[in-house]
Amino acid sequence: MPLTEARPARKNRIPAVEVLEPRARDSWTHTRNGDPRGYIDADKLKELWIHTGTACNLACPFCLEGSHPGDGRIPGMKLSDVKPFIHEAIDMGVEQFSFTGGEPFVIRDFVNILNYASQHRPCFVLTNATEPLHKRQHQVLPLLDNPYPIHFRVSLDFPDRARHDKDRGDGSFDEALQGIRWLVDQGFKVSIARQTDPEEIPADVEAAFRDIFREWGIPENLAFTAFPDLGTPGSEDGSPEITETCMEKYPTKEARSHFMCTYTRMLVKKGDEVRVYACTLVDDDPQYDLGGTLTESMDERIMLRHHRCFSCYRFGASCSAPA
């Protein structure tokens, strides 16, 4: 999915502890030290994520989904797959439908899915805004007339063409800027997903982006979401395990409410079946498969076992649209 960041240096990673085996093989309810794990109980379904599939036109080595052209780890979604869940979510009071990949515009049925969803609720799409979007502009433009708006968040790693293109491929920086400019010019809302650097000064990084936007005739007030290192599928970064005591002692009730698993679920296709996962960051661990319906998934307690859970705990990272 375009929730990604490059890793020229790993200095910003949490120092690895003795990782004897991946925590995905450990107890669901207790840490390796035997402490009860931290957990989240769902509140209300506000946002439904739909994983369109891991196929992508790019092959970024840092991708948290391990996506590349033709990748089939998660098969592509069809409109017929998601329709029942869209209506179940509406009945549950969902406020937004969000889409990730891979690159959603690689998926043949994606525009049909987006068209259907935006008839019912606002939509949010993660995209790299390169060739797959450019080829489907004629299909995307009519969606402006749908009852609900569509917000696109475009991955633009660094305010540096060479550094961005090193992993995403030559020309991808300019292609993404062209995509951003086209989306904005048509009237779509656009924000930027960027990558973090050790010891960076966020205001300086974003100022450098705004200089580039000015050169390209892109509005300078686009919102940014910066992501920490989330690792590749099945990876283990040695981050600390979150205990029940951690959750009781440190996050406030308000802070706990920002964990995505309190208010989101994600649809993931497994073979020919659609399953409901806890959030956008844990589809590489089948323990986070919460069932075949949204209703039953909301009754499941989410144990904060995945190493990416610590990123949410430490940084407050969210895949959702910026406020």
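With the first letter of the sequence shown counted as 1, position 51 gets the number 51 in the UniProt record's numbering; the numbers rise by one all the way through. We treat Cβ as the ideally placed atom computed from N, Cα and C, and that holds for glycine.
Item: Of the residues M260, H306 and M303, the one placed nearest L45, counting alpha carbons only; Value: M260
Item: Nearest-angstrom Cβ-Cβ length linking T280 and C319, presumed shorter than 8 Å; Value: 5 Å
Item: Limits of the alpha helix (DSSP H) - the one that C261 falls within; Value: Looking at the DSSP string, C261 is not in any alpha helix (DSSP H), and its letter there is neither H nor E.
Item: Helix, strand or coil at K269 [DSSP, three-state]; Value: strand
Item: Contacting residues, own chain, Cβ-Cβ under 8 Å from P2 (five flanking each side not counted); Value: Low confidence applies here, because P2 scores a pLDDT of 40, under 50, leaving its location unreliable and the question unanswered by this model.
Item: Straight-line gap, H68 to A59 (C-alpha atoms, nearest Å); Value: 4 Å
Item: For L304 and S27, the rounded distance between their alpha carbons; Value: 11 Å
Item: Meets three-Cβ-pair contact criterion under 8 Å: the region 159-171 and the region 108-120; Value: no
Item: 8 Å CB neighbourhood of G271 in its chain, flanking five on each side removed; Value: P75
Item: Local Cβ density within 10 Å of N33, reported as buried at 16 or more and exposed below that; Value: exposed
Item: Boundaries of the alpha helix (DSSP H) in which V190 is found, first to last residue; Value: Segment K189 to Q195 is the beta strand (DSSP E) holding V190; no alpha helix (DSSP H) there.
Item: G53 and I113 closer than 8 Å at C-beta; Value: no
Item: Whole-number beta carbon distance between R256 and Y39, since they are thought to touch under 8 Å; Value: In fact, because the Cβ distance is near 10 Å, the residues do not count as touching under 8 Å.
Item: Where M303 falls: helix, strand or coil (DSSP); Value: strand
Item: CB contact flag (R210, E200, <8 Å); Value: no
Item: Local conformation of T293 per DSSP, three classes; Value: coil
Item: Buried or exposed by the 16-neighbour rule on C-beta atoms within 10 Å, applied to S80; Value: exposed
Item: Cβ neighbour criterion (16 or more within 10 Å) applied to A16; Value: Residue placement at A16 is flagged as unreliable, the pLDDT there being 34, under the threshold of 50; the coordinate-derived value follows with that caveat. By the 10 Å Cβ count, A16 comes out exposed.
Item: Under 8 Å between C-beta atoms of Y263 and Y277; Value: no
Item: Sequence-distant residues of the same chain with beta carbon closer than 6 Å to R314, five excluded per side; Value: none
Item: Run of the alpha helix (DSSP H) containing I107, from where it starts to where it stops; Value: Here I107 belongs to no alpha helix (DSSP H), and DSSP marks it neither H nor E.
Item: Cβ shell of D283 (< 6 Å), same chain only, five flanking positions each side left out; Value: V268 and Y277
Item: Reduced DSSP secondary structure (H/G/I, E/B, other) of C312; Value: helix
Item: C-beta contact flag for D35 and T243 at 8 Å; Value: yes
Item: Euclidean distance between Cα positions of G187 and H138; Value: 14 Å
Item: Beta-carbon proximity list for D111, same chain, < 7 Å, skipping 5 on both sides; Value: The displayed chain sequence assigns Val, not Asp, to residue 111. So the qualifying residues of the chain are R136, Q139 and V140.
Item: First and last residue of the uninterrupted alpha helix (DSSP H) at L79; Value: L79 to D91
Item: Span separating the alpha-carbon of P61 from that of T29; Value: 32 Å
Item: Coil, strand or helix - W216 by DSSP; Value: helix
Item: With 16 other Cβ atoms within 10 Å as the buried cut-off, status of R308; Value: buried
Item: Option nearest E273 by Cα separation, candidates R265, T293 and D285; Value: T293
Item: CB contact flag (I212, P159, <8 Å); Value: yes
Item: Distance between M298 and A223 (C-alpha atoms, nearest Å); Value: 31 Å
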